[in-house]
Amino acid sequence: MRLWKGRFSEDTADVVVNFTQSLDMDWDLAEADIEGSKAHVRVLASAGLITEEEKMALLKGLDQVLSEIKNGIFKPLMELEDVHMNIEARLTEILGERGKKLHTGRSRNDQIATTLRIFLRRQLVGIGSKIRNLLESLLNSAERHIDFVVPGYTHLQRAQPISMGHYWMSHFWAFHRDFSRLMAALEALDECPLGSAALAGSTLPLNRHLSAELLKFSKPTENSIDSIASRDYLADFHHFASMFSIHCSRLAEDLIIYNTDEFGIVK
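Per this note's numbering, the very first residue in the sequence shown carries number 6; after that it's consecutive.
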C-alpha cells in the first residue's frame with residue numbers, strides 16, 4: 006500500500022518514498038498520537054457520531070496498537086510515510102471498517118498539532134522535575150559552603166577570592182532562568198488544537214472543550230487557523246533547550262577543571 010497513488014498511474018518510486026517518509030523522526034510520537042486519538046474517540050461518542058460499542062472497540066484497538074509498539078511487535082511500513090498513518094492502518098487491520106471511523110471529523114492538521122503539544126508537554130514536565138532537583142541541590146551546596154573561600158578565576162588565572170556558596174549560586178540563578186523559560190514554554194502550548202480540522206473547524210458537533218479536558222489542556226485554542234499553522238511553541242522549546250544546554254556545559258566544564266590535581270577544589 007502506498008499513499009497518494011490516486012493521482013498517479015504508476016507506483017511512487019522507492020527513492021521518493023524514502024525521501025518523504027519521516028518514521029525515523031516521528032516514531033517517538035506514537036504514544037502521544039494514540040493518546041490524542043483516544044480522546045477524539047470519546048468526543049465522537051459524546052456527540053453521538055459513533056456507538057458505545059464502536060467507542061469501546063476503537064479504544065481497545067488503540068491500546069493494542071500501543072502495546073505492540075511498546076513491545077517491538079509493530080513494525081512500521083515506510084510506504085505509509087509516518088507514525089500517524091501507520092497507527093491508523095494498523096487499527097484498521099485489527100478492526101476492519103470500524104477502524105476508519107477514528108478519523109471522523111479530524112484532519113491530519115489538527116491531529117499532528119495535538120500530538121506535538123502532548124509530546125512536548127510530557128518532555129517539558131519531565132525535564133522540569135529534574136531541573137527542580139538540580140536547583141535544590143545547588144541551593145543546598147551553596148548553604149553548606151557559604152563560608153568556604155576559594156580562588157575565583159578569569160581565563161584560568163586567579164582573580165579574586167570568592168565564597169564557594171557564591172559560586173554555586175551563580176549556577177543556581179542560571180538554571181533558575183532556564184526553569185522560568187521552561188514554564189513559559191509550557192504555558193504557551195497549554196491549549197488544545199483538536200477539533201480545528203484542516204483549518205476552519207469541523208461541520209460535525211464536536212465538543213472542543215471536552216477534547217481539551219480529556220487531554221488535560223487548560224482550554225481549546227482560540228483560532229483554528231492559528232492552531233494548525235503555528236509551531237512557535239516548538240521554537241520556545243528549542244530556545245529553552247539551547248540555553249539549558251549551555252548552562253549545563255558551563256557547569257560541567259568548571260567541575261572538570263576544578264577536579265584536576267592542578268586546581269583540587271572539588272572531588
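For every residue, glycine included, the Cβ atom is placed at its ideal position computed from N, Cα and C.
Nearest-angstrom Cβ-Cβ length linking residue i and residue j, presumed shorter than 8 Å
{"i": "Ile99", "j": "Gln69", "result": "6 Å"}
{"i": "His45", "j": "Leu199", "result": "6 Å"}
{"i": "Leu211", "j": "Gly133", "result": "That belief does not hold up - the Cβ atoms of Leu211 and Gly133 are roughly 31 Å apart, past 8 Å."}
{"i": "Ser232", "j": "Ala118", "result": "6 Å"}
{"i": "Ala164", "j": "Tyr238", "result": "Not really, about 42 Å apart at Cβ, beyond 8 Å."}
{"i": "Ala37", "j": "Arg149", "result": "In fact, because the Cβ distance is near 41 Å, the residues do not count as touching under 8 Å."}
{"i": "Ile136", "j": "Asp183", "result": "6 Å"}
{"i": "Arg103", "j": "Glu59", "result": "6 Å"}
{"i": "Leu194", "j": "Leu256", "result": "That belief does not hold up - the Cβ atoms of Leu194 and Leu256 are roughly 27 Å apart, past 8 Å."}
{"i": "Met83", "j": "Asn145", "result": "That belief does not hold up - the Cβ atoms of Met83 and Asn145 are roughly 50 Å apart, past 8 Å."}
Alpha carbon of residue i to alpha carbon of residue j, nearest angstrom
{"i": "Gly77", "j": "Leu219", "result": "28 Å"}
{"i": "Glu196", "j": "His176", "result": "32 Å"}
{"i": "His208", "j": "Leu67", "result": "In the sequence on display, residue 208 carries Thr and not His. So the two alpha carbons sit approximately 25 Å from each other."}
{"i": "Arg122", "j": "Trp173", "result": "34 Å"}
{"i": "Gln162", "j": "Ile270", "result": "14 Å"}
{"i": "His89", "j": "Phe180", "result": "36 Å"}
{"i": "Glu192", "j": "His244", "result": "15 Å"}
{"i": "Ser201", "j": "Asp87", "result": "21 Å"}
{"i": "Val130", "j": "Glu93", "result": "28 Å"}
{"i": "Val21", "j": "Ser27", "result": "12 Å"}
{"i": "Pro225", "j": "His214", "result": "6 Å"}
{"i": "Pro166", "j": "Asn138", "result": "28 Å"}
{"i": "Val155", "j": "Leu140", "result": "22 Å"}
{"i": "Asn228", "j": "Asp241", "result": "20 Å"}
{"i": "Ser235", "j": "Thr25", "result": "21 Å"}
{"i": "Ile262", "j": "Ser247", "result": "23 Å"}
{"i": "Gly53", "j": "Asp16", "result": "39 Å"}
{"i": "Met188", "j": "Phe222", "result": "14 Å"}
{"i": "Thr159", "j": "Ile230", "result": "51 Å"}
{"i": "Thr97", "j": "Met61", "result": "15 Å"}
{"i": "Ser112", "j": "Glu258", "result": "47 Å"}
{"i": "Lys65", "j": "Lys272", "result": "53 Å"}
{"i": "Ser51", "j": "Ala147", "result": "54 Å"}
{"i": "Phe79", "j": "Arg95", "result": "9 Å"}
{"i": "Leu85", "j": "Trp178", "result": "47 Å"}
{"i": "Gly157", "j": "Gly206", "result": "60 Å"}
{"i": "Leu63", "j": "Ile55", "result": "10 Å"}
{"i": "Ser4", "j": "His171", "result": "The structure shown does not extend to residue 4, since the chain spans only 6 to 272, so no value can be given for it."}
Local Cβ density within 10 Å of residue i, reported as buried at 16 or more and exposed below that
{"i": "Met169", "result": "buried"}
{"i": "Phe249", "result": "buried"}
{"i": "Asp31", "result": "buried"}
{"i": "Asp29", "result": "exposed"}
{"i": "Lys105", "result": "exposed"}
{"i": "Leu107", "result": "buried"}
{"i": "Glu57", "result": "exposed"}
{"i": "Val48", "result": "buried"}
{"i": "Ser42", "result": "buried"}
{"i": "Asp19", "result": "exposed"}
{"i": "Ala35", "result": "buried"}
{"i": "Ser216", "result": "buried"}
{"i": "Asp115", "result": "buried"}
{"i": "Leu71", "result": "buried"}
{"i": "Asn91", "result": "buried"}
{"i": "Ile251", "result": "exposed"}
{"i": "Thr120", "result": "buried"}
{"i": "Leu260", "result": "exposed"}
Counterpart residues of residue i in DSSP-defined beta bridges
{"i": "Ile39", "result": "According to DSSP, Ile39 bridges with nothing at all."}
{"i": "Pro225", "result": "Cys197"}
Beta carbon proximity, residue i to chain B, threshold 9 Å
{"i": "Glu58", "result": "Among the protein chains of the structure shown there is no chain B, as only one such chain exists."}
Heavy atom of the ligand PLP within 8 Å of residue i beta-carbon
{"i": "Leu49", "result": "The ligand PLP is not part of the structure shown, which contains no ligands of any sort."}
Write down every uninterrupted run of the beta strand (DSSP E) in the stretch 120-203 whose length is 3 residues or greater and which is fully enclosed by it, in chain order. 154-159 and 162-168
Alpha helix (DSSP H) segments (min. 4 residues) lying fully within the stretch 46-78: 57-75
Residue ranges of each beta strand (DSSP E) run of no fewer than 3 residues wholly in the stretch 80-109, ordered along the chain? none
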